[in-house]
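K.L.:
Mapping to my numbering: the sequence shown position 109 is 228, numbers consecutive.
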Amino acid sequence: MVNVKNIVLGIGILIVFMFLLHNGIRAFYKSAPVYDDFCNQGNQGRYSYPYETKPLPVGQSCTFSQELRNEEQACYNQKGQPIYEYDNYDCQTSVIECDFCQNLYDKARNDYNKIVFIIALIVGIITLLVGYSILSVEPVGSALMASGIGSIIYGTITNWENLGNLGRFLLLFIALVLLIWIALRLNSPKKKSFWQKLGLRR
């Protein structure tokens, strides 16, 4: 018969654990980088003028020189964002600066995600093993195992872009082997577990 109370408690432990992991990283490490700390969205590449802009005459539109296009492309090639100078018709006339704030933000975010991945991976493995070792104490054992798996998934998703195809494959392969090993150990009564051999479980 299904013990509804244990299921509810197990789900509760899993949910609280994931919130605890997320907020623990923010409390004891640091919060994720904020875009506005690197790039001033309020400016949007515009500079103040001593005069008000006026609309173009009817039937006319802004023209862009090849020199302006070359300046834009040179900035984009450096992974920057061009900042323009405008005339009194609010048309772009030249690139006065190549802004690299997006690069700085991306680097800070990637560095942060790598640290979060390492923390979540370590916490996940430890929690998974602790849950496995006290599996007879239900629903705590199963909930901790689920929390450990959730922690590993959380860290992997956070750092997914930085892993690369080979890194993703290896990580998923190791996680699959670990889960299969645990499943086989739990469903193989003829063999003593690692903890039983140590005398920690009967």
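Ideal Cβ positions, reconstructed from N, Cα and C, are used throughout, including at glycine.
1) State the start and end residues of the unbroken alpha helix (DSSP H) segment that holds T277.
2) To the nearest angstrom, how far is it from the Cα of Y166 to the Cα of S213?
3) Specify the secondary structure class of C181 as computed by DSSP and reduced to three states.
4) So, at 7 Å on beta carbons, what are the nonlocal neighbours of C158 in its own chain, with the 5 sequence-adjacent residues on each side left out?
5) Per DSSP, what kind of secondary structure is Q163 in: helix, strand or coil?
6) Given this structure, state the Cα-to-Cα distance separating E186 from V177, to the nearest angstrom.
7) Near G164, what residues of its chain come up, given a Cβ to Cβ distance below 8 Å and the 5 sequence neighbours on each side ignored?
8) Can the beta-carbon of A239 be found less than 8 Å from the beta-carbon of G274?
9) Assess contact between the segment 264–280 and the segment 129–149, defined as three or more Cβ pairs (one per stretch) separated by less than 8 Å. Is contact present?
10) Tell me whether S255 is buried or exposed, calling it buried when 16 or more other Cβ atoms sit within 10 Å of its Cβ.
11) Leaving out the 5 sequence neighbours to the left and right, which residues in its chain are closer than 8 Å to I271 when beta-carbon positions are compared?
12) By alpha-carbon positions, which one of L303, D230, D155 ends up nearest to Y148?
13) Does the beta carbon of A151 come closer than 8 Å to any beta carbon on chain B?
14) Give the straight-line distance between the Cα atoms of L291 and K124, rounded to the nearest whole angstrom.
15) I think R228 touches A151, with their Cβ atoms under 8 Å apart; what is that distance to the nearest whole Å?
16) Taking the C-alpha atoms as reference points, what is the distance between G143 and I237?
17) At which residues does the beta strand (DSSP E) containing D218 begin and terminate?
P.N.:
Concretely, from the data shown:
1) In the sequence shown, residue 277 corresponds to position 158, counting from 1. Residues 259–277.
2) Here the question's residue 166 lines up with position 47 in the sequence shown. Here the question's residue 213 lines up with position 94 in the sequence shown. Bear in mind that a pLDDT of 45 at Y166, under 50, signals an unreliable position, so the number given afterwards is only what the model happens to contain. Straight through space, the alpha carbons of S213 and Y166 are spaced by roughly 13 Å.
3) Translated into the one-based positions of the sequence shown, residue 181 becomes position 62. It is coil, neither helix nor strand.
4) Along the sequence shown, read from residue 1 onward, the residue named residue 158 stands at position 39. Sequence-distant Cβ neighbours of C158 in its own chain, meaning closer than 7 Å and more than five residues away, are C220, Q221, Y224.
5) Sequence index remark: in the sequence shown, residue 163 carries index 44 (1-based). For Q163, the predicted model reports a pLDDT of 47, less than 50, meaning its position is unreliable and no value from the coordinates is stated.
6) As a working mapping, residue 186 is identified with position 67 in the sequence shown. As a working mapping, residue 177 is identified with position 58 in the sequence shown. Per the coordinates, the alpha-carbon of E186 lies some 26 Å from the alpha-carbon of V177.
7) Along the sequence shown, read from residue 1 onward, the residue named residue 164 stands at position 45. Note that G164 has pLDDT 45, beneath the 50 cutoff, so the model's placement of it is unreliable and no number is given.
8) By one-based count along the sequence shown, residue 239 stands at place 120. By one-based count along the sequence shown, residue 274 stands at place 155. Yes, the Cβ-Cβ distance between A239 and G274 is below 8 Å.
9) Yes, they touch.
10) Taking the first residue of the sequence shown as position 1, residue 255 is located at position 136. S255 comes out exposed.
11) Counting from one through the sequence shown, the residue named residue 271 turns up at place 152. For I271, where only same-chain residues beyond five positions count, the Cβ hits under 8 Å are A239, L240, G243, I244, L247, A294.
12) Here residue 148 refers to the residue found at position 29 when the sequence shown is read from its first residue. Of the candidates L303, D230, D155, the residue whose Cα lies closest to the Cα of Y148 is D230.
13) The displayed structure is made up of one protein chain only, and chain B is not part of it.
14) Counted from its first residue, the sequence shown places residue 291 at position 172. Counted from its first residue, the sequence shown places residue 124 at position 5. Distance between the alpha carbons of L291 and K124: 33 Å.
15) Position 109 of the sequence shown, counting from 1, holds the residue named residue 228. Position 32 of the sequence shown, counting from 1, holds the residue named residue 151. Sure, about 7 Å apart at Cβ, within 8 Å.
16) Working through the sequence shown from its first residue, we reach residue 143 at position 24. Working through the sequence shown from its first residue, we reach residue 237 at position 118. About 14 Å.
17) Taking the first residue of the sequence shown as 1, we reach residue 218 at position 99. D218 -> beta strand (DSSP E) spans 211–218.
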